[in-house]
Amino acid sequence: MTPSSKPRPTWGGVPLERRRILLGMAAIGGFLAVDLGAVAYAGGWIGTAHRLTPHIFIKAFEWVNGKQSGFRKNHAKGVAVAGYFDSNGNGREVSRAAVFRSGRTPVLGRFSLAGGNAHAADMAATARGLGLAFGFPGGAQWRTAMLNLPVFPDSSPQGFYDRLLASKPSPGTGKPDPEATAAFLAAHPETAKAMKIIGQSPPTPGFADSTFRSLNTFYFISESGSRTPVRWSLVPVTPPPPRTSSGPNALFDAVVRQIRSGPLQWKLMLTLGAPSDPLDDATLSWPADRRAIDAGTLTLTSIETERAGNARDINFDPLVLPPGIERSDDPLLSPRSAVYAASYRVRAREPKSAPAVNVDEVAL
Amino acid sequence: MSTEIKDTAAAATPSHKFTALSRMFHWLTAILIFAALLIGFTMVNWLAGYTDLRVIHMSVGALILLVVVLRIVNRVRHHPPAWPPTVGRLEGKAVILSERALYALLLAQPLVGWAMVSASGTPVRVFGVLRLPPIAPFNIDVFSVLREAHSILAYLLVAVVAAHVSAVLAHSIVLSDGMLRRMTFHIGRRERSKI
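Listed in order, the protein sequences are those of chains Y and L. The numbers in the first sequence follow this note's numbering, run straight up by one, and end at 346. The numbers in the second sequence follow this note's numbering, run straight up by one, and end at 216.
Written out as structure tokens, the structure reads:
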């Protein structure tokens, strides 16, 4: 019996030829290799060993702070606030954003402390955050996440990542390893310089008398289409006398008591940059004589414990911008947006637990 | 008898081809879906490119939604040409199932993406100017379900598209049954008339 006398296998009535089967397998194999290879590379399954990804930031926060189920991976400790922004119309000179027309825009916000430990004790030296969402949840929203610092410590995502790793508390002392800190500062002179600037303006007693800054530069687009580089800040208007509070939530308890006794107010100042100013480096300050427009007053009238449906569930992504405000080329901005989104996704699916700051437990 | 004018130069007569409109829709969808998937997978792993790619991804998604709705209308109004005789009964069932799965995934994925951004309370803006209304309430639990679904549907799309292309290549190359040519445009010479 010779091989040729065997009946040929068929598919759909068509006899199969070895040459065509091999050709077909090669074509399908080639297509799948390119198609699935592209998906694996794009999806970060291969080729991510030497690049920073949002996921790597999330892992690093967990490595430094332990599992913080349901909380923001950075600025984990916070409290929700609400109020409004009264625009005086002056901001229209540089931006066509609706928020700068004369009138009132509702605002949701959140005071926070930097760091990924949702139950860390309040420290005066910890950077204070204020996230705001103007006009939430409308279509022309403006979100911003600000700090009470004159400049940001890092100019690049790599710098932030390295600083995060160096900040891990040592098991013995509970403080960052001095050697790791020294090695980090040697590798990142821009941070060493920024720390010097930050050290020159010590923090105020509390949230209520803190000046909060955008730190990154943004472009404001006017009605006529002109683009102005802007850094904004919220400057406290006659801050109330500081309340003496103590304990692990001293800073938060104080601001809870202050808002209970009366609204807190800040002026929104738009500082206009010159083309020669550092527009894409948040570690560098602008000359002090830059013109600033007083665009109106932010008033915070209420404060509440983080819970479902309030500021807890808002991602204060600094690139949720209304028409009339655009991002600059600052290399921190897109990574901030990407990592905030990753943090939001992870915490959204994690079980939630009670936040450290409970407004109802703060005695009058 | 049929009064159809047979194209003697091509093996596939007009009745064995999809209509020009259907073919156009098909290849447009193919380009858009490959782009949306690759951009989507890339953007969530690329810090510097995230913001720009997100805008493109959402705009491509909006286009896919529009094209798929038009395609479904077109599919209902135009019956596709008969399969080559090489498609048996069992395989025919698989073909029908995979076609329906593709349409369902192509329709669901942009809607889930749109709803998930809505549920996070973030405005949905496409092509830089067009603002779409929210289609889900602001709710982090709703967001989470939709966000995870968006990833699962993306992987399902990769799998179904890979199976779809592999099956067409197997038919066209191994069986030489002209499966692919039902969907191609003839540009230039038409001498490659194998069945």
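All residues carry an ideal CB built from backbone N, CA and C; glycine is no exception. Treat the numbers as computed from the prediction; the structure is a model and nothing was measured.
Do the stretch 230 to 245 of chain Y and the stretch 255 to 266 of chain Y touch if we need at least three Cβ pairs shorter than 8 Å?
no
Beta carbon of residue 126 of chain L nearer than 8 Å to that of residue 178 of chain L:
yes
Are the C-beta atoms of residue 50 of chain L and some chain Y residue less than 8 Å apart?
With 8 Å as the cut-off, residue 50 of chain L does not count as an interface residue toward chain Y.
Answer yes or no: does any C-beta atom of chain Y fall closer than 8 Å to that of residue 63 of chain L?
yes
Along the chain, where does the beta strand (DSSP E) that runs through residue 324 of chain Y open and close?
No beta strand (DSSP E) contains residue 324 of chain Y, which is instead part of the alpha helix (DSSP H) from 315 to 331.
Residue 257 of chain Y in three-state terms, based on DSSP
Residue 257 of chain Y falls in the coil class under three-state DSSP.
Simplified DSSP assignment, three categories, for residue 287 of chain Y:
Reduced to three states, the DSSP call for residue 287 of chain Y is coil.
What does DSSP give as the partner residue(s) for residue 294 of chain Y in the beta ladder?
Its beta-bridge partners do not exist; DSSP assigns none.
Beta-carbon spacing of residue 92 of chain Y, residue 61 of chain Y below 8 Å:
yes
Between which residues of its own chain and residue 132 of chain Y is the CB-CB distance below 8 Å, once the five residues before and five after are set aside?
179, 180, 182, 183, 195, 267
Comparing the C-beta of residue -7 of chain Y with each C-beta of chain L, is any distance below 8 Å?
True, the Cβ-Cβ gap to chain L drops below 8 Å.
Which residues in chain Y have a C-beta closer than 9 Å to the C-beta of residue 164 of chain L? List them in chain order.
The contacting residues are 295, 326, 327, 330.
Residue burial classification, residue 198 of chain L (beta-carbon count within 10 angstroms, cutoff 16)
buried
On the DSSP bridge assignment, give the partners of residue 3 of chain Y in chain order.
Answer is none; residue 3 of chain Y lacks a bridge partner.
Rounded to the nearest angstrom, what separates residue 126 of chain Y and residue 250 of chain Y at their Cα positions?
12 Å
Alpha carbon to alpha carbon, how far is residue 288 of chain Y from residue 110 of chain L? Give it in angstroms, no decimals.
59 Å
Using a Cβ-Cβ cut-off of 7 Å (strictly less than) and excluding sequence neighbours within five positions of residue 140 of chain Y, which residues of its own chain qualify?
Answer for residue 140 of chain Y: 34, listed in chain order.
Which residue wins for smallest C-alpha separation from residue -5 of chain Y, given the options L/106, L/172, L/192, L/73?
Measuring C-alpha to C-alpha distances from residue -5 of chain Y to each of L/106, L/172, L/192, L/73 identifies L/106 as the nearest.
Contact set for residue 342 of chain Y: own chain, Cβ-Cβ below 8 Å, skip 5 residues either direction:
287
Suppose you measure from the CA of residue 90 of chain L to the CA of residue 279 of chain Y; what does that come to, to the nearest Å?
47 Å
Within this structure, are the beta carbons of residue 183 of chain L and residue 216 of chain Y separated by less than 8 Å?
No, the Cβ-Cβ distance between residue 183 of chain L and residue 216 of chain Y is not below 8 Å.
Residues of the stretch 94 to 111 of chain L whose Cβ lies closer than 9 Å to any Cβ of chain Y, in chain order:
105, 106, 107, 108, 109
On the three-pair Cβ rule with 8 Å, is the stretch 21 to 41 of chain Y touching the stretch 53 to 73 of chain L?
yes
Top-ranked residue by Cα proximity to residue 257 of chain Y, from Y/199, Y/242, Y/188, Y/222
For residue 257 of chain Y, the nearest C-alpha among the options comes from Y/199.
For chain Y, find out if any of its Cβ atoms is closer than 8 Å to the Cβ of residue 59 of chain L; answer yes or no.
Contacts with chain Y at 8 Å (Cβ-Cβ) include residue 59 of chain L.
Taking 7 Å as the cut-off, is the beta-carbon of residue 147 of chain L closer than that to any non-hydrogen atom of the ligand ATP?
This structure does not include the ligand ATP; it has no bound ligands of any sort.
Buried or exposed by the 16-neighbour rule on C-beta atoms within 10 Å, applied to residue 176 of chain L:
exposed
Three-state secondary structure assigned by DSSP to residue 83 of chain Y:
coil
Note down, in chain order, every chain L residue with its Cβ under 9 Å from the Cβ of residue 123 of chain Y.
When 9 Å is used as the limit between beta carbons, residue 123 of chain Y is near these residues of chain L: 142, 143, 144, in chain order.
Under the three-state reduction of DSSP, which class applies to residue 263 of chain Y: helix, strand or coil?
coil
Where do the N-terminal and C-terminal ends of the alpha helix (DSSP H) with residue 234 of chain Y fall, by residue?
For residue 234 of chain Y, the uninterrupted alpha helix (DSSP H) run begins and ends at 232 to 243, by DSSP.
Per DSSP, what kind of secondary structure is residue 200 of chain L in: helix, strand or coil?
coil
With DSSP as the reference, identify every bridge partner of residue 308 of chain Y, one or two as the case may be.
Y/201
Could one say the Cβ of residue 80 of chain L lies closer than 8 Å to chain Y's Cβ atoms, at least one of them?
no
In chain order, which alpha helix (DSSP H) runs of at least 4 residues are fully inside the stretch 152 to 205 of chain L?
161 to 190
Beta-carbon neighbours of residue 10 of chain Y, restricted to chain L and to distances below 7 Å
187, 190, 191
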